[in-house]
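Engineer: Dropping a structure here in structure tokens format, bear with me for questions.
Chains as they are written, first to last, in the working numbering: chain C, 1 to 430; chain Z, 1001 to 1430.
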């Protein structure tokens, strides 16, 4: 399991003009105490979002649930926003766009009426099951959409208790009350775990298993990184990564996350939420930007190379060297391009990543790279754990509460105010 | 046509402590001369990417092409990266995820082998036509993918000249030479227009027409904004918008583009490329970030509200007040939430945008808003022209060459070097 990826931040680190071996010594004692506390808590299982990676006995139950769905339904709709959706999306996306899934999976993570009505009108509801995810059970968007689907099932005379499953904390809340009163089954959201940290729990894994992802291997990959961190936290990649981001943050307030694989597009978005919502507090934090290589070389590379030097770039480069169909030598000769001979796209995208790393480095942009093995479930699990740990460590270094999100509440409050006073309004102001 | 959107940057502008009415006077004379030159050039049609919005006689030809495809094919694959793809994606995305298109459209804008092989293996090639787009005709990714599809058609014994169409400049180049030698038809890419500015030309419009977008109305919406700009450039929203971004750029080096509609997700990505690749030069430019409301309220809002005050936020809020199915009063009563009574999702997302604008403003984050009419083709065209003009004006204010992209070339050069030396390598370094 060792060596799922090679992490290299040496070039980026040189921007700080300090040696990796003495990084630990640069940390004030009171911060070190907090870091030690974090390590202890992770070790003793205080954070189930992390420690769950050492378990697998719950996976069988998830498989049974999914097997039952597959017998009865063709479509799964996951209703949920942010953390209730992005982790699952990251895992499902790993199978690739053209994977043959046993069911078609739709994530309803926005309240755009076009999308929601589109789903209700276009899917055969008889063949559709809805998983409604809200940690608190009070998320307005999730409640609204759940009610709309509830009604749509009713209108077609379908038994709602077969077509909806809830996933919320095991406490009295609006979603739970409603579903219980209609005998709709409810799964328990892990208690006290913020949505953005639930990817390794049933929240992320149920849709993943539907898509055919090996959940056990995801956890195994994650566990290998957690164990390596717990064995020697101050020599771990997650620790170095967090230090790098935090120490650079005054000069580099932007962090590009750029995996070279379509199958990691949603992983990138998951990371953006994890980092932004966990660390963007008390005036600190850096702005994570989700990108994908090689596509975004044609969108953002000009800015990265020639624009302000305000960015740390993280490249994830899976070993794709032998993947993809080859271009025939005959055709390469016809177009007169020598290096297209026998070229496969895996090699091309791999070399594009290398070229980008070189070009950015030469331009003085701090770049760190994860060269991974071929993109397997273990690798994805390892990357997930790496960045969950990096975020937790960065929280201590930034001295913020990694686990809450007070800034989101203000927007919700004002939305409610508008909703309360809007019932008499007929039109929008334009 | 007037009033497709109301642009409001007053709150954001107050961050600069200056009056909108005297903004023009803050511009040095030599910069004003360059701005006047830009206006003259736009007026006299030097930039076909802009002036094409006043034309419509070419649209009929595009429709004929598409009608012919629809008779023979079920799938359209658009091969092309960056500007050769994002404009078209923005227009197609406007129809929404569940629009009934006459053909299924796939954009191959990355060289991930999983995606490309997935398409080749999963689509019935007999029912598939490929549009291969490269301005220069030398883009390595586009060439490689075109050759792979060429071969796939050949292997199945299909007449390639019916299944591939090229779109490249009317000059000798690799793509053109290859296609011509196989009698494959080629359309002319507008000459001298960088890919990221081609959305209103056939590059953007052909896939748009396939998706059922009204191309004439897109151009009309764009033209209305162009005319308004040319009538009084120094009182135009595009001018104010550019000034705001540029004047704030030292303190606010990040710009969030956050439309409140799933149908503008790709518009947001199109803007990111337009802005980043046009302005990220000579150490200036700001970093555009693509987001979508309300989804990203649960991802980025915490960071926007509580994190560093280094961002300008742009909200696009289409009038969706009356859109979407309503939640019945009975269900709202059951869950005991008064403001869900009769709520439709269009109203919810609209109020979320208002709530976010208020909350950010109260937190001292500069926000500008586009409150638009209902999301029609005219509105989308107007937004497209607004940001093309804003980018052009910002280029003058930043004193960079808006139209080139030298920073992208270095990465390409290094990729080639790796490709040249990789033929003997067997493995990636991990």
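Quick reminder that beta carbons are idealized off the backbone N, C-alpha and C, glycines included.
1) Between residue 1178/Z and the rest of its own chain, which residues show a CB-CB distance below 7 Å, the 5 nearest in sequence each way excluded?
2) Apart from the five residues on each side of it in sequence, which residues of its chain come closer than 7 Å, Cβ to Cβ, to residue 392/C?
3) Below 8 Å, can you find three or more Cβ-Cβ pairs linking the region 394-410 of chain C to the region 118-130 of chain C?
4) DSSP on residue 351/C, reduced to helix/strand/coil?
5) Check whether the Cβ atoms of residue 1083/Z and residue 1194/Z lie closer than 8 Å to each other.
6) If you measure from the beta carbon of residue 1247/Z to each beta carbon in chain C, is any gap under 8 Å?
7) Would the beta-carbon of residue 1296/Z fall within 8 Å of that of residue 253/C?
8) Residue 1007/Z to residue 1243/Z, Cα distance in whole Å?
9) With DSSP collapsed to three states, give me the class of residue 1188/Z.
10) With a threshold of 16 other CB atoms inside 10 Å of the CB of residue 1385/Z, please say whether the residue is buried or exposed.
11) Evaluate residue 319/C with the Cβ neighbour count: other Cβ atoms within 10 Å of its Cβ, from every protein chain shown; 16 or more gives buried, anything less gives exposed.
12) Identify, in the order they occur along the chain, each residue of the same chain with its Cβ nearer than 6 Å to the Cβ of residue 35/C, setting aside the five sequence neighbours on each side.
13) Distance cutoff 8 Å, beta carbons only. Does residue 1271/Z sit that close to anything in chain C?
14) Do residue 41/C and residue 47/C come within 8 Å of each other at the CB atom, strictly closer than that value?
15) Can you list, in chain order, the residues of its chain whose CB lies under 8 Å from that of residue 214/C, leaving out five sequence neighbours each side?
16) Residue 113/C versus chain Z: which residues are under 8 Å apart at the beta carbon?
17) Give a yes or no on whether the minimum CB-CB distance between residue 405/C and chain Z is below 8 Å.
18) With 16 as the cutoff for other CB atoms within 10 Å, does residue 64/C come out buried or exposed?
19) Residue 1253/Z versus chain C: which residues are under 8 Å apart at the beta carbon?
20) Which value, in whole angstroms, describes the spacing of the CA atoms of residue 449/C and residue 388/C?
21) Below 6 Å CB to CB, which residues in the same chain sit around residue 1096/Z once its five sequence neighbours on both sides are set aside?
22) In angstroms, rounded to a whole number, what distance separates the CA positions of residue 306/C and residue 9/C?
23) So which of 414/C, 404/C, 33/C and 55/C has the shortest CA-CA distance to residue 216/C?
24) When the distance is taken between beta carbons, is residue 245/C closer than 8 Å to residue 315/C?
25) Just to make sure I have the definition right: I need the residues of chain Z whose C-beta is within less than 7 Å of the C-beta of residue 77/C. Which are they?
26) Going by other Cβ atoms of all chains shown within 10 Å of its Cβ, with 16 needed for buried, is residue 359/C buried or exposed?
27) If you count every other CB in all the chains shown that lies within 10 Å of the CB of residue 1030/Z, and 16 or more means buried, which is it?
28) Residue 321/C by DSSP, collapsed to three states: which one?
29) Using 10 angstroms around the beta-carbon of residue 26/C, count the other beta-carbons present and answer buried if the total reaches 16, otherwise exposed.
30) Apply the 10 Å Cβ neighbour rule to residue 241/C and answer buried if 16 or more other Cβ atoms are within range, or exposed otherwise.
31) Let me check understanding here. Comparing Cα to Cα, which of 239/C, 93/C and 77/C lies closest to residue 268/C?
32) For residue 1375/Z, which residues from the same chain have a beta carbon less than 7 Å from its beta carbon, with the 5 sequence-adjacent residues on both sides left out?
33) Listed in chain order, which residues of the region 1382-1394 of chain Z have Cβ atoms closer than 7 Å to some Cβ of chain C?
34) In angstroms with no decimal places, state the Cα-to-Cα distance between residue 1399/Z and residue 288/C.
35) For residue 1377/Z and chain C, any beta-carbon pair shorter than 8 Å?
Structural biologist: Concretely, from the data shown:
1) none
2) 38 and 402
3) no
4) helix
5) yes
6) no
7) no
8) 14 Å
9) strand
10) buried
11) buried
12) 396
13) no
14) yes
15) 377
16) 1320, 1323, 1324, 1325, 1344, 1345, 1346 and 1349
17) yes
18) exposed
19) 253, 254, 308 and 310
20) Residue 449/C is absent from the model: chain C starts at 1 and stops at 430.
21) 1263
22) 21 Å
23) 55/C
24) no
25) Here the premise fails: no neighbours, minimum Cβ distance about 13 Å.
26) buried
27) exposed
28) coil
29) exposed
30) buried
31) 93/C
32) 1261, 1263 and 1318
33) none
34) 28 Å
35) no
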